[in-house]
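J.: Protein chains in written order, with the working numbering: chain A, 8 to 120; chain B, 89 to 198.
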Amino acid sequence: GEDVEQSLFLSVREGDSSVINCTYTDSSSTYLYWYKQEPGAGLQLLTYIFSNMDMKQDQRLTVLLNKKDKHLSLRIADTQTGDSAIYFCAESYSGGGADGLTFGKGTHLIIQP
Amino acid sequence: EPEVTQTPSHQVTQMGQEVILRCVPISNHLYFYWYRQILGQKVEFLVSFYNNEISEKSEIFDDQFSVERPDGSNFTLKIRSTKLEDSAMYFCASAQGEQYFGPGTRLTVT
Chain A
8 GEDVEQSLFL SVREGDSSVI NCTYTDSSST YLYWYKQEPG AGLQLLTYIF
58 SNMDMKQDQR LTVLLNKKDK HLSLRIADTQ TGDSAIYFCA ESYSGGGADG
108 LTFGKGTHLI IQP
Chain B
89 EPEVTQTPSH QVTQMGQEVI LRCVPISNHL YFYWYRQILG QKVEFLVSFY
139 NNEISEKSEI FDDQFSVERP DGSNFTLKIR STKLEDSAMY FCASAQGEQY
189 FGPGTRLTVT
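1. List the whole-angstrom C-beta distance separating Ala181 (chain B) from Gly190 (chain B), where the pair is believed to meet the contact cut-off of C-beta under 8 Å.
2. Cutting at 7 Å between CB atoms, please list the residues of its own chain near Gln152 (chain B), excluding the five before and the five after it.
3. Against chain B, with Cβ distances strictly below 7 Å, would Phe110 (chain A) count as a contact?
4. If you compare alpha carbons, which of A:Asp90, A:Gln51, A:Thr114, A:Gly47 is closest to Arg20 (chain A)?
5. Can you pull the chain D neighbours of Glu144 (chain B), defined as C-beta to C-beta under 7 Å?
6. Gly160 (chain B): which of B:Thr95, B:Asn140, B:Ser146, B:Gly104 sits nearest, CA to CA?
7. Just the chain A side, please: which residues come within less than 9 Å of Gly160 (chain B) by C-beta, in chain order?
8. Hey, does Phe133 (chain B) have any beta-carbon neighbour from chain A nearer than 7 Å?
9. Within 7 Å (strictly less), CB to CB, does Ser175 (chain B) reach chain A?
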């Protein structure tokens, strides 16, 4: 079945770039997402990318997709303490249609002062 | 900015009781979803709903679960005869494209 894998923890210094990685198994994945979850809060959609794109940039966020290796990454430039959260990678086939998202376990981003 | 809301934020119930979790999706969205996250585990898809009927459901969504859109704004998840293993965070989402999630309801079954 479909599976999405992420490393559980990433620790970076404030001001450095954070790179959170994700791999997925379903080659028919069309839409790939990054969600952020702060303590006690819901899942906030950060950004998404279509499978026919290699890269998407949105302010401090850069998403890279290697479709051949089924590898997705999220780069956060100039990481701030407010970026401390759990980051979830997710994929779907139809992107906003009937099928649900398949999530990874989430990467805890820890910011060191 | 419009957002998905969920009530209650925390629900405690005894094993065997029925619970109804409520969600108000974003008003112009057409697709609605329920997910759950057992503590320490992945967020798991339960069901999607479109045009007043279930579109897709996972193997988790068995006869114990049902969904309903009782009026033009609410979307509910009913769990009949709750079990200890139903304890989880339940997220509602809605979409007109990307899925937007509510803050979740933490269900504790004792």
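Positions of the beta carbon are idealized from the N, C-alpha and C atoms, including for glycine.
T.: On the basis of the coordinates in this document:
1. 7 Å
2. Ile167, Arg168, Ser169
3. yes
4. A:Asp90
5. Checking the listed chains, one finds no chain D in this structure; the protein chains it contains are A and B.
6. B:Asn140
7. Going along chain A, no residue has its Cβ under 9 Å from Gly160 (chain B), so there is no contact; the nearest lies around 21 Å.
8. yes
9. no
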